[in-house]
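> One structure follows; several queries about it will come next.
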Amino acid sequence: MKNINKDKTKLGDWAEQQAAVFLQSHGFQILHQNYHSKFGEIDLIAKNAQDLVFVEVKARSKTQYGQSSEVVSITKQQKIIKTALTYLSKYPEMNDLYCRFDVICFDFQQQFAKTVQHDFSQFPYDLNWIENAFTFDPEFINL
Numbered sequence: 016m017k018n019i020n021k022d023k024t025k026l027g028d029w030a031e032q033q034a035a036v037f038l039q040s041h042g043f044q045i046l047h048q049n050y051h052s053k054f055g056e057i058d059l060i061a062k063n064a065q066d067l068v069f070v071e072v073k074a075r076s077k078t079q080y081g082q083s084s085e086v087v088s089i090t091k092q093q094k095i096i097k098t099a100l101t102y103l104s105k106y107p108e109m110n111d112l113y114c115r116f117d118v119i120c121f122d123f124q125q126q127f128a129k130t131v132q133h134d135f136s137q138f139p140y141d142l143n144w145i146e147n148a149f150t151f152d153p154e155f156i157n158l
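With the numbering used here, the residue at position 122 of the sequence shown is 137, and numbering never jumps.
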């Protein structure tokens, strides 16, 4: 069991690093990685000239049970939004930017051996960037 969780953590760390590089290549500055509040965590917070983007990064080593984008539950969305609101109260200078919630997904076509060190970039995968994957609705959040 330990090896499975260790592989998932390594895959998640790799995916977050790749997502940060991807966003930078699209003109974004990474402000925070793994930003925490009492409500939860946001994988990446990035900005460009007009947007502040709160990013959830997902990676799955096989997709027969669905795509990684399908695992951002309503509960997870609520936690991300509440954490984003905490972030905005801590950094009020960001309030003038358009805020959105994106998901960057890495879906690999095969399962990885659980006991082998991997260079995940060597495996074929699909990268999907879902801009405005979900939105803030005050009634939905129950503040």
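Ideal Cβ placement from N, Cα and C applies to all residues, glycine included.
Please confirm whether residue 113 and residue 66 have their CB atoms less than 8 Å apart.
In contact: residue 113 and residue 66 (Cβ atoms closer than 8 Å).
> What does the alpha-carbon distance come out to for the pair residue 142 and residue 56?
When rounded, the distance between both Cα atoms is 22 Å.
> Quickly, what does DSSP pair residue 69 with across the bridge? List them, please.
Paired residue(s): 60 and 116.
> Just verifying my parser: in three-state terms, what is the DSSP assignment at residue 28?
Residue state, collapsed to three classes: helix.
> If I measure Cβ to Cβ from residue 131 and keep anything under 8 Å in the same chain, skipping five residues before and after, which residues do I get?
Low confidence applies to residue 131: its pLDDT is 46, below 50, so where it sits in the model is not reliable, and the reading given next is rough at best. Closer than 8 Å at the Cβ level, and outside the excluded window around residue 131, lies no residue.
> Since residue 43 and residue 96 should fall inside the 8 Å C-beta cutoff, what is the C-beta to C-beta distance between them, to a whole number of angstroms?
Their Cβ separation, rounded to whole angstroms, is 20 Å, which puts residue 43 and residue 96 out of contact at 8 Å.
> How would you write the range of the alpha helix (DSSP H) that residue 102 sits in, first residue to last?
Unbroken alpha helix (DSSP H) run through residue 102: 89-105.
> Could you tell me which of 64, 31, 122 and 54 sits nearest to residue 109, measuring between CA atoms?
It is 64 whose Cα lies nearest to the Cα of residue 109.
> Taking the straight line between their C-alpha atoms, what separation do you get for residue 28 and residue 74?
Taking the straight line joining both Cα atoms gives about 10 Å.
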